[in-house]
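Respectively, the protein sequence lines represent chains B and P.
Going by my numbering, the first sequence opens with residue 1, and the numbers climb by one from there.
Going by my numbering, the second sequence opens with residue 1, and the numbers climb by one from there.
Cβ atoms here follow ideal geometry from the backbone N, Cα and C, with glycine treated the same way.
Fair warning: this is a prediction, and the values are worked out from it, not measured in the lab.
Here the structure is laid out as structure tokens; the discussion comes afterwards.
There are 2 protein chains.
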Amino acid sequence: MKSFCEALRAPKKVDLDKLDPSETLGLDKKKGIALLAKNVEELGTLGYNLYAEGKRSLLVVLQAMDTAGKDGVIRHVMTGLNPMGMRVTAFKVPTPIELAHDFLWRIHAAVPPHGDIGVFNRSHYEDVLIARVKSIVSKTIWTQRYNQIREFEALLAESGTTIVKIFLHIDKHEQAERLQARIDDPTKNWKFQAEDVKEREFWDDYMKAYSAAIEKCDADSAPWYIVPSNRKWFRNAAVSQILVETLQGMKLKIPEPIPGLADIKIV
Amino acid sequence: MKSFCEALRAPKKVDLDKLDPSETLGLDKKKGIALLAKNVEELGTLGYNLYAEGKRSLLVVLQAMDTAGKDGVIRHVMTGLNPMGMRVTAFKVPTPIELAHDFLWRIHAAVPPHGDIGVFNRSHYEDVLIARVKSIVSKTIWTQRYNQIREFEALLAESGTTIVKIFLHIDKHEQAERLQARIDDPTKNWKFQAEDVKEREFWDDYMKAYSAAIEKCDADSAPWYIVPSNRKWFRNAAVSQILVETLQGMKLKIPEPIPGLADIKIV
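This is the structure:
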């Protein structure tokens, strides 16, 4: 079988409307759930080795439309990881202090140190997504950001950070059902935000902005993956598999035994 | 049965030499492992409710001599928690920038926001432990820190943070065995640090400093618990039970349904 990293890597030319968000790569639900369980355990081991080696780090960037499952992926895929070596950072509407800096300032401060896994729940990509769709900054500004992002990610990659960028792809109909579920189930009301409904009007603009961002900022040292996410079980399995393949590709090793240490006796 | 929080709460007068680090409160290993498993699942639910409520936070301070199991507790007890609502901060030797501030500066920056669980792997207590034992600061300085810590923790408690401080108690003989294991097992060599052996010379001074810190900074709004930790299975079970009892005591609730929301239909 083709690896998930190969199968889900963003194409050179991105048109999200042409990519099926219900795709499952031939997997069925039962196999998908089993794959996730196996990978969650494997991620525990790989994360341990990353921490023990202490020389490189992993940065996972999660982007998606509302309800596509950023939070769900973090809960289902990352919960088995030792919290000591990982940190999730959620980037929300920038604060006045953050806005008084360049857009990568708050991002840079949150990148994982060597040994760690960092997960970005939203990221610097918002600055070429909502910032573009809602004209928060001028076209001149958001246009130059694509290159600024590429150079920033290249710096991280050259400094020992393996970068994985994941777009969770759902369609507009699936989002409607998920928003409706937050309304219909009283225990989920607290997740409902009226803005989410308003943002739906801009769906097509967002798809265009996402296509551009993914296409312009995909690189072998900072690849974008497009994960079909209409089916939650496939989404979780696919993200776990991308992470396992990526960490396996790093060929992590715990440090060599220390010569002569074995002679020491503690008293 | 007495709750673990009651049974392990630091006494008014603390003398660590008089507290048995092999105590198991009548639990055997099989029951301890089952209790941990049950609590890890329960912590997932309680953490979800804390996050959903979004109005209060939990701060867990872990302190211990080397090898007592701070890392082990984080791995075994916290791994089931959703990493989105929790953050582990490891406080190491202060950097020059940190040293140019008061000792609580870096600590304050890391306290969990509402909705989150924060875990401190070492903490501001190092500033009345190693700082005292190794005379890193004068007696005048470390003496006034006890009150500074009490006031700082009172601020947090009054601002919606529930504080749980845990000392993992092992004896010097148990530490020798664990250090030796890091030497004898080549795959654990990377965890071995020569300083850990040197610190053993100051064991009695550390016990005195710990006794003083726990005694002076124990408060109903920021309690210290002394967890017998010679047996790893008991240590993990006991910490998980203290956290479950504490979170249950907060009577967390997910927010009420939003009136009128049920009438909305997403199109």
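Residue i: CB within 8 Å of a non-hydrogen atom of the ligand NAP
i: T187(B); result: Questions concerning the ligand NAP fall outside what the structure shown contains, since it holds no ligand whatsoever.
CA nearest to the CA of residue i, picked from the options
i: K55(B); options: V119(B), E98(B) and G160(B); result: G160(B)
i: A34(P); options: W105(P), T162(P) and A238(P); result: A238(P)
i: L62(P); options: A157(P), R150(P) and I226(P); result: I226(P)
i: L269(P); options: P259(B), R182(B), D220(B) and D263(B); result: The structure shown has nothing for residue 269(P), since chain P only spans 1 to 267.
i: S3(B); options: G26(B), A64(B), F192(B) and S22(B); result: G26(B)
i: E41(P); options: G72(B), G80(B) and K38(B); result: G80(B)
i: S221(P); options: E158(P), Y48(P), T67(P) and H114(P); result: E158(P)
i: D28(B); options: E256(B), A209(B) and R235(B); result: R235(B)
i: D196(P); options: K208(P), K172(P), A209(P) and Y210(P); result: K172(P)
i: F91(P); options: I242(P), R75(P), V77(P) and D71(P); result: D71(P)
i: H76(P); options: N82(P), L36(P) and R122(P); result: L36(P)
i: K188(B); options: P257(P), I107(P) and T143(P); result: P257(P)
i: C5(P); options: R106(P), T143(P) and F167(P); result: F167(P)
i: D163(P); options: E177(P), S123(P), T143(P) and G69(P); result: The sequence shown places Ile at residue 163(P), rather than the Asp named in the question. Of the listed residues, the one whose Cα sits closest to I163(P) is S123(P).
i: L156(B); options: F202(B), K139(B) and I107(B); result: I107(B)
i: W203(P); options: P186(P), D185(P), W224(P) and H169(P); result: H169(P)
i: A64(P); options: I214(P), I242(P) and V244(P); result: I214(P)
i: K191(B); options: E151(B), G69(B), P113(B) and A10(B); result: G69(B)
i: S229(B); options: R178(B), K208(B) and S138(B); result: R178(B)
i: L43(B); options: E23(B), D116(B), A100(B) and A10(B); result: D116(B)
Cα-Cα separation between residue i and residue j, rounded to whole angstroms
i: Q175(P); j: S240(P); result: 22 Å
i: V133(P); j: E126(P); result: 10 Å
i: P96(P); j: V111(P); result: 21 Å
i: A7(P); j: T246(P); result: 13 Å
i: R145(P); j: I130(P); result: 13 Å
i: A269(B); j: D205(B); result: Summary: the structure shown does not reach residue 269(B), with chain B confined to residues 1 through 267, and so no result is reported for it.
i: N147(P); j: I141(P); result: 11 Å
i: L252(P); j: K12(B); result: 49 Å
i: K198(P); j: R231(P); result: 24 Å
i: Y51(B); j: I266(P); result: 45 Å
i: M86(B); j: G118(B); result: 6 Å
i: D102(P); j: K165(P); result: 21 Å
i: R200(B); j: G249(P); result: 41 Å
i: L16(B); j: M84(P); result: 28 Å
i: N121(P); j: A194(P); result: 20 Å
i: N82(P); j: D263(B); result: 42 Å
i: L58(B); j: K18(P); result: 46 Å
i: T89(P); j: I74(P); result: 11 Å
i: S211(P); j: T67(P); result: 19 Å
i: T45(P); j: W233(B); result: 21 Å
i: Q269(P); j: V14(P); result: Given a span of 1 to 267 for chain P in the structure shown, any question on residue 269(P) remains unanswerable.
i: V244(P); j: W224(P); result: 16 Å
i: F152(B); j: K30(B); result: 40 Å
i: I149(P); j: C217(P); result: 7 Å
Where residue i meets chain P, residues with beta-carbon distance less than 7 Å
i: A52(B); result: W190
Where residue i sits in the DSSP three-state scheme
i: Q148(B); result: helix
i: F4(P); result: helix
i: T269(B); result: Here chain B comprises residues numbered 1 to 267, so residue 269(B) is not present and cannot be evaluated.
i: G249(P); result: helix
i: F234(P); result: helix
i: T79(P); result: coil
i: A219(B); result: strand
i: Q63(B); result: strand
i: P228(B); result: strand
i: T89(B); result: strand
i: K139(P); result: helix
i: D167(B); result: Contrary to the premise, residue 167(B) reads as Phe rather than Asp in this sequence. If DSSP states are grouped into helix, strand and coil, F167(B) belongs with the strands.
i: R200(B); result: helix
Cross-chain neighbours of residue i in chain B, by beta carbon under 9 Å
i: N121(P); result: M84
i: I258(P); result: I183, P186, N189, W190 and F192
i: M78(P); result: N82, P83 and M84
i: E74(P); result: The residue you asked about is not Glu; residue 74(P) is Ile in the sequence shown. What I74(P) touches in chain B: N82, P83 and M84.
Per-residue contacts from residue i into chain B (C-beta, under 8 Å)
i: V267(P); result: A176
Listed by chain order, chain B residues near residue i by CB distance under 7 Å
i: M254(P); result: In the sequence on display, residue 254(P) carries Ile and not Met. Here the neighbours are T187 and W190.
i: V197(P); result: I266
i: L16(P); result: Near L16(P) there are no residues of chain B at all, since even the closest Cβ is about 21 Å away, more than 7 Å.
i: V88(P); result: P83 and M84
Interface partners of residue i on chain P, CB under 9 Å
i: R106(B); result: The contacting residues do not exist; R106(B) stays about 14 Å from chain P at best.
i: V128(B); result: Near V128(B) there are no residues of chain P at all, since even the closest Cβ is about 24 Å away, more than 9 Å.
Contact list for residue i against chain P, beta-carbon separation under 8 Å
i: L62(B); result: By Cβ distance, chain P contributes nothing, its closest Cβ being about 11 Å from L62(B), past 8 Å.
i: L261(B); result: I183, N189 and F192
i: W71(B); result: The sequence shown places Asp at residue 71(B), not Trp. Correct list: M84.
Original post:
Closer than 7 Å, Cβ to any Cβ of chain B: which residues of the segment 230–246 of chain P, in chain order?
Top reply: Within the segment 230–246 of chain P, contact with chain B at the beta-carbon level (separation under 7 Å) is assigned to no residue.
Subject >> Chain-ordered residues of the segment 171–183 of chain B with a beta carbon less than 7 Å from chain P >> reply: Against chain P - using a Cβ distance shorter than 7 Å - the residues of the segment 171–183 of chain B are A176, L179, Q180 and I183.
Original post:
Looking at chain P, which residues of the segment 130–152 of chain B have a Cβ within less than 9 Å of any of its Cβ atoms?
Top reply: Of all residues in the segment 130–152 of chain B, none has a Cβ within less than 9 Å of some Cβ in chain P.
Original post:
Along the segment 30–56 of chain P, what residues have a CB closer than 7 Å to any CB found in chain B?
Top reply: So the list reads A52, given in the order they occur along the chain.
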